[in-house]
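In this note's numbering, the protein residues as written are 24 to 54.
All remarks here apply to the structure that follows.
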Amino acid sequence: MTLEEIARLAGVSRSTVSRVINDDPNVNDTT
């Protein structure tokens with residue numbers, strides 16, 4: 024599964040998915 028597929032299914036951007044995977048502290052917990 025690609026970042027693009029995950030983003031589409033989750034209704035968020037690809038960059039948001041990348042931030043979550045990389046444990047970026049700036050991602051809101053509700054995301």
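Just so it is clear, CB atoms sit at the ideal spot from N, CA and C, and this is done for glycine as well.
Because the structure is a prediction, the values reported are computed rather than measured.
For residue i, collect the residues of the same chain with a Cβ closer than 7 Å to its Cβ; drop the 5 residues on either side in sequence, then sort them by chain order.
i	result
I37	Looking at the sequence shown, residue 37 is not Ile but Arg. If we look at R37 and ignore the five residues flanking it on each side, its Cβ neighbours are L26, E27 and A30.
Quick one: what's got a C-beta closer than 6 Å to residue i's C-beta in the same chain, skipping five residues either side?
i	result
V50	R42 and V43
DSSP three-state label for residue i, please.
i	result
D36	Inspection of the sequence shows that residue 36 is occupied by Ser rather than by Asp. S36 falls in the coil class under three-state DSSP.
V43	helix
Throw me the rounded Cβ distance for the residue i and residue j pair, which I believe falls under 8 Å.
i	j	result
T54	T39	6 Å
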